[in-house]
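Asker:
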Amino acid sequence: MEKSRRKKPGNVKVMENYLRTDVHCVLEDCRLCRSISPPIVCLNPRSTIFIPDAVFLVAYIDLFSDDSFKADQTLLLQSVLDLAGDEVGTREASQIEAWLAREDDHALLKSFGYFPNKHMADTYVPTQVFEPSDDASSNEPRGLDVESMEQRARCLVANAVAWYSTHSPTTKFVVLSDDPCLASMIPPSSRHVDVLSCVDFIDAYCPSTAHVDLHAVRADCAAAFSSRRASPQGFARHESDPSSCAFQGLLDVSSHHPLEAFVKVTTHGESQSIYIYGRDAMNRAIHGDIVAVQLLPEADWLVPESATSLVHHVAPLDDDQLKKKPAPSSTSSSVAAVPTGRVVGIVSRPDHVVRKVMFCL
Numbered sequence: 001m002e003k004s005r006r007k008k009p010g011n012v013k014v015m016e017n018y019l020r021t022d023v024h025c026v027l028e029d030c031r032l033c034r035s036i037s038p039p040i041v042c043l044n045p046r047s048t049i050f051i052p053d054a055v056f057l058v059a060y061i062d063l064f065s066d067d068s069f070k071a072d073q074t075l076l077l078q079s080v081l082d083l084a085g086d087e088v089g090t091r092e093a094s095q096i097e098a099w100l101a102r103e104d105d106h107a108l109l110k111s112f113g114y115f116p117n118k119h120m121a122d123t124y125v126p127t128q129v130f131e132p133s134d135d136a137s138s139n140e141p142r143g144l145d146v147e148s149m150e151q152r153a154r155c156l157v158a159n160a161v162a163w164y165s166t167h168s169p170t171t172k173f174v175v176l177s178d179d180p181c182l183a184s185m186i187p188p189s190s191r192h193v194d195v196l197s198c199v200d201f202i203d204a205y206c207p208s209t210a211h212v213d214l215h216a217v218r219a220d221c222a223a224a225f226s227s228r229r230a231s232p233q234g235f236a237r238h239e240s241d242p243s244s245c246a247f248q249g250l251l252d253v254s255s256h257h258p259l260e261a262f263v264k265v266t267t268h269g270e271s272q273s274i275y276i277y278g279r280d281a282m283n284r285a286i287h288g289d290i291v292a293v294q295l296l297p298e299a300d301w302l303v304p305e306s307a308t309s310l311v312h313h314v315a316p317l318d319d320d321q322l323k324k325k326p327a328p329s330s331t332s333s334s335v336a337a338v339p340t341g342r343v344v345g346i347v348s349r350p351d352h353v354v355r356k357v358m359f360c361l
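When you line the sequence shown up against full-length UniProt numbering, it's residues 1 to 361, in that order.
Next comes the structure, spelled out in structure tokens:
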């Protein structure tokens with residue numbers, strides 16, 4: 001059973017994951033699955049079967065529609081489609097649905113099989129939870145570590161491939177992935193399983209006369225996919241060792257203004273509050289985190305909005321006054337600017353946040 005808890009207090013959502021053993025392997029004339037009704041589309045076990053991961057499927061989806069891209073038998077795993085559904089657009093999602101429903105012209109020339117590996121008892125992998133390593137120098141209690149979504153996706157693909165290699169040992173399987181971590185998770189005992197990147201697949205399985213065009217399309221697809229994904233510079237990078245920063249404290253987000261927060265720090269025996277304004281300055285930190293803060297120059301200090309306006313009662317303003325309402329600035333005639341900083345790292349996170357992450361996974 002997998003449980004997930006939403007952010008709204010009291011709204012708990014429980015999802016039950018039913019595991020079955022009567023799931024067909026999607027291979028034609030399989031003697032082990034003879035008693036199970038086969039799906040509409042089955043793959044030929046005497047030919048090579050290609051299994052893409054989610055990133056490969058999303059990034060190079062246009063290549064699968066090219067006749068020169070010789071992935072004639074493609075097996076789409078449920079875990080791959082679920083993860084790809086979070087990143088593909090409407091056009092790509094409709095294209096994948098047309099492949100599976102055989103409503104696309106390329107689906108008639110190529111075979112696209114579907115295997116529900118997340119509901120198969122032999123291929124399902126539960127979420128891994130790890131005990132944190134004991135740190136003798138720190139007396140603070142630490143929560144449990146949960147594997148990332150990327151690592152879980154790799155485990156699901158690797159476990160499904162390992163099961164196929166034992167279920168049909170004479171069938172040739174090729175995992176299409178540019179992820180070296182996934183390649184290292186494939187068991188070395190699987191002699192009929194290979195892991196190829198897009199470049200290696202084009203060079204090995206596609207006609208040599210189409211290599212130049214396919215590599216050009218591959219480069220364009222990779223560039224478009226990387227630009228579509230979240231930029232790593234959207235937020236400032238966290239410090240590799242935030243505990244070494246001079247200012248550390250508890251992030252207290254204002255209950256009246258979600259973009260305002262204060263971090264109370266102690267320097268030279270004196271306690272002071274550092275003002276944090278905006279999502280960029282909070283840098284993915286949430287209320288209750290122990291964060292490392294960098295103090296900005298005095299010229300960049302701001303005036304909190306809550307200090308210049310009433311919090312519990314706000315007088316109604318007309319349209320002209322709303323247009324003239326200024327944004328928080330570094331200068332003010334009535335209220336002086338306060339020490340302002342930005343979050344450069346998260347030292348620790350409350351245990352209840354870790355438990356919520358475990359419920360979500």
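Think of the CB as a built atom: it goes at the ideal place given N, C-alpha and C, for glycine as much as any other residue.
(1) If residue 217 sits next to residue 291, beta carbons under 8 Å apart, how far is it from one beta carbon to the other, in whole angstroms?
(2) Can you have a look at residue 383 and say buried or exposed, based on whether 16 or more other CB atoms are within 10 angstroms of its CB?
(3) Since residue 214 and residue 66 are thought to touch, with beta carbons under 8 Å apart, how far apart are those beta carbons, to the nearest angstrom?
(4) For residue 170, count neighbouring C-beta atoms within 10 Å of its own C-beta (all shown protein chains included) and say buried if the count is 16 or more, exposed if not.
(5) Looking at residue 113: is its Cβ nearer than 8 Å to the Cβ of residue 41?
(6) How should residue 345 be labelled, buried or exposed, when 16 other C-beta atoms within 10 angstroms of its C-beta is the threshold for buried?
(7) Which term fits residue 110, buried or exposed, when burial requires 16 or more other beta carbons within 10 angstroms of its beta carbon?
(8) Between which two residues does the beta strand (DSSP E) holding residue 342 run?
(9) Quick one: what does DSSP say residue 115 is sitting in, helix, strand or coil?
(10) Work out the CA separation of residue 119 and residue 17 for me, nearest whole Å.
(11) Does residue 202 pass the burial test, meaning 16 or more other C-beta atoms within 10 Å, or should it be called exposed?
(12) From the DSSP output, read off the bridge partner residues of residue 46.
(13) Exposed or buried, which one is residue 275 when buried takes at least 16 other CB atoms within 10 Å?
(14) Given residue 182, which residues of its chain have a CB within under 8 Å of its CB, disregarding the five upstream and five downstream residues?
(15) Taking the alpha-carbon positions, what's the residue 49 to residue 70 distance?
(16) Which first and last residues belong to the alpha helix (DSSP H) in which residue 55 is found?
(17) With H, G and I counted as helix, E and B as strand and the rest as coil, what does DSSP make of residue 20?
(18) So that I know if they touch, is there some Cβ in chain C lying closer than 8 Å to that of residue 194?
(19) Grab me the residues of residue 339's own chain with a C-beta within less than 7 Å of its C-beta, minus the 5 sequence neighbours each way, in chain order.
(20) Rank 95, 149, 288 by C-alpha distance to the C-alpha of residue 62 and give the top, closest one.
(21) Our contact map puts residue 349 next to residue 281 with C-beta atoms below 8 Å; I'd like the distance itself, whole angstroms only.
(22) Extract the residue ranges of the beta strand (DSSP E) inside the segment 154-235, only unbroken runs of 3 or more that lie entirely within it.
(23) Threshold first: 3 residues or longer. Then list the beta strand (DSSP E) segments lying entirely within the segment 241-292, N to C.
(24) Taking residue 90 as part of the beta strand (DSSP E), name the residues at either end of that continuous run.
(25) Using only the alpha-carbon positions, how far apart do residue 27 and residue 129 sit?
(26) Answer with buried or exposed for residue 29, where buried requires no fewer than 16 other C-beta atoms within 10 angstroms of its C-beta.
(27) Let's see if you can read the secondary structure: which residues bound the alpha helix (DSSP H) around residue 78?
(28) Can you give me the C-alpha to C-alpha distance between residue 331 and residue 337, rounded to a whole angstrom?
(29) Tell me whether residue 128 sits in a helix, a strand or coil according to DSSP, three-state version.
(30) Measure the alpha-carbon distance for residue 19 versus residue 25 and round it to whole angstroms.
Answerer: On the basis of the supplied data:
(1) Not quite, the Cβ-Cβ distance comes to about 44 Å (not below 8 Å), so this is no contact.
(2) Absent from the model: residue 383. The displayed extent of the chain is 1 to 361, so no value can be given.
(3) At roughly 7 Å, the Cβ-Cβ gap stays under 8 Å, so residue 214 and residue 66 are in contact.
(4) Around the CB of residue 170, fewer than 16 other CB atoms lie within 10 Å, so the residue is classed as exposed.
(5) Pairing residue 113 with residue 41 gives a Cβ-Cβ distance under 8 Å.
(6) Buried, since its Cβ has 16 or more Cβ neighbours within 10 Å.
(7) With 16 or more Cβ atoms within 10 Å of its Cβ, residue 110 is classed as buried.
(8) Here the beta strand (DSSP E) through residue 342 covers 341-348.
(9) Of the three classes helix, strand and coil, the one that applies to residue 115 here is strand, per DSSP.
(10) Taking C-alpha positions only, residue 17 is separated from residue 119 by approximately 7 Å.
(11) Classification of residue 202: buried, given that the 10 Å Cβ count is 16 or more.
(12) None, per the DSSP bridge assignment.
(13) When all chains shown are included, residue 275 counts as buried.
(14) A distance below 8 Å between beta-carbons, with the five flanking residues on each side excluded, links residue 182 to the following residues of its chain, in chain order: 53, 154, 157, 158, 175, 195.
(15) In this model, residue 49 and residue 70 are separated by some 11 Å (Cα to Cα).
(16) 54-59 is the span of the alpha helix (DSSP H), which, as asked, contains residue 55.
(17) DSSP places residue 20 in strand when its eight states are reduced to three.
(18) Looking at the structure shown, chain C is missing, and only one protein chain is on hand.
(19) Leaving aside the five residues that flank residue 339 on each side, the residues in its chain whose CB is nearer than 7 Å to its CB run, in chain order, 272, 274, 275, 295, 301.
(20) The option with the nearest alpha carbon to residue 62 is 95.
(21) Actually they do not touch by this definition, with Cβ atoms about 18 Å apart.
(22) Taking 3 residues as the minimum length, the beta strand (DSSP E) runs contained wholly in the segment 154-235 are 173-176, 193-196, in order along the chain.
(23) Segments of the beta strand (DSSP E) lying fully in the segment 241-292: 247-253, 260-267, 270-277.
(24) No beta strand (DSSP E) contains residue 90, which is instead part of the alpha helix (DSSP H) from 90-101.
(25) Across the structure, residue 27 and residue 129 are spaced so that their CA atoms are roughly 34 Å apart.
(26) Per the 10 Å Cβ criterion, exposed.
(27) For residue 78, the enclosing alpha helix (DSSP H) starts and ends at 78-84.
(28) Below a pLDDT of 50, predicted positions are generally treated as unreliable, and residue 331, at 46, falls in that range; the measurement from the model is reported next regardless. Whole-angstrom Cα-Cα distance: 6 Å.
(29) Annotated three-state conformation of residue 128 is coil, per DSSP.
(30) Those two C-alpha atoms are separated by around 15 Å.
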